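Okay, so here's the structure we're looking at.
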Amino acid sequence: MPEETQITFAKHHSRFVVGVLDIVHSTETTVSLDGDAIDHFYTIFLREISKVIHTHGAKVIKNVGDGVIFYFPQTAEINEESFQEVVSCSSALLEARTKLNSQLTESQLPEISYRVSMSYGQVSAMLDSQSKIIDLFGATLNTCDKFNKLAQPNTAVVGEALYEKLARYGFKGEKIADFAIGQKMRFGVYQLIA
Numbered sequence: 001m002p003e004e005t006q007i008t009f010a011k012h013h014s015r016f017v018v019g020v021l022d023i024v025h026s027t028e029t030t031v032s033l034d035g036d037a038i039d040h041f042y043t044i045f046l047r048e049i050s051k052v053i054h055t056h057g058a059k060v061i062k063n064v065g066d067g068v069i070f071y072f073p074q075t076a077e078i079n080e081e082s083f084q085e086v087v088s089c090s091s092a093l094l095e096a097r098t099k100l101n102s103q104l105t106e107s108q109l110p111e112i113s114y115r116v117s118m119s120y121g122q123v124s125a126m127l128d129s130q131s132k133i134i135d136l137f138g139a140t141l142n143t144c145d146k147f148n149k150l151a152q153p154n155t156a157v158v159g160e161a162l163y164e165k166l167a168r169y170g171f172k173g174e175k176i177a178d179f180a181i182g183q184k185m186r187f188g189v190y191q192l193i194a
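No gaps in the numbering here: position 126 of the sequence shown is 126 in the numbering used here, and each next residue is one more.
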């Protein structure tokens, strides 16, 4: 493999809250749009969602076509304030849908629904030349993406490890499902109660 195509991973591991926001039925929603309309659709979507995420101290890692992957750097320090931002961001993302859909409607584009999932645990990072995180990898992010489908449209769910952290600070939730990874690991998925 030529050297310029190889990817090098930094040996940087941290525990963070990671999140996935995924548009429900994105293919059906956008299949009839032409190229310019698709560009406009995703510009509105990414601009509004990224704004909410950044306002709550999180960082967008990447967009994946029909969704956004983000993380909360401040949750490396386990304290009430950093986890309060996670809950606030979750609520704000769900509330942002009204404004987002209004902008889409004004542009004669289809409205959307989406699901938010968040999880807490160890992730591995890829760093740039200035030692800034540019991508995250690992089971915490992978499972967060997979259990996203357990959320009802326009709701947010959290994995059990994150729920246990939030419960320490008085946040309440309702268990909606068990999520299995292979045959040896199982954990609960919770919807937060406002």
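In this text, a Cβ means the ideal position worked out from N, Cα and C, and glycines have one as well.
Keep in mind the model is a prediction, meaning the values are calculated, not measured.
Just checking my contact of residue i with residue j at CB under 8 Å: how many whole Å lie between their CB atoms?
i: VAL31; j: VAL123; result: Not quite, the Cβ-Cβ distance comes to about 33 Å (not below 8 Å), so this is no contact.
i: GLU85; j: GLY57; result: 5 Å
i: PHE16; j: PHE72; result: 6 Å
i: VAL60; j: ALA92; result: With a Cβ gap of about 14 Å, VAL60 and ALA92 do not count as contacting.
i: LYS62; j: ASP135; result: 7 Å
i: ILE181; j: SER107; result: With a Cβ gap of about 41 Å, ILE181 and SER107 do not count as contacting.
Which class does residue i belong to by DSSP, given the choice of helix, strand or coil?
i: GLU28; result: helix
i: ASP145; result: helix
i: ASP178; result: strand
i: LEU33; result: coil
i: ALA151; result: coil
i: LYS165; result: helix
i: GLU3; result: In this prediction, GLU3 scores a pLDDT of 49, lower than 50, which makes its location untrustworthy; the coordinate-derived value is nonetheless stated afterwards. It is helical.
Which word fits residue i, buried or exposed, when buried means at least 16 other C-beta atoms lie within 10 angstroms of its C-beta?
i: SER82; result: buried
i: ALA167; result: exposed
i: LYS165; result: buried
i: TYR114; result: buried
i: VAL64; result: exposed
i: SER90; result: buried
i: ASP22; result: buried
i: ALA76; result: exposed
i: ILE112; result: buried
Using a threshold of 8 Å, state whether the C-beta atoms of residue i and residue j are closer than that.
i: PHE41; j: LEU141; result: no
i: SER117; j: ASN148; result: yes
i: TYR120; j: ALA151; result: no
i: VAL20; j: GLY67; result: yes
i: GLU174; j: LYS99; result: no
i: ALA156; j: LEU192; result: yes
i: TYR169; j: GLU80; result: yes
i: PHE179; j: PHE187; result: yes
i: ALA177; j: VAL158; result: no
i: SER14; j: ALA125; result: yes
Hey, is residue i close to the ligand NAP, as in C-beta under 7 Å from one of its heavy atoms?
i: PHE16; result: For the ligand NAP, the structure offers nothing, since it holds no ligand at all.
Along the chain, which unbroken stretches of the beta strand (DSSP E) at least 3 residues long are found entirely within the segment 37-108?
59-63, 67-72
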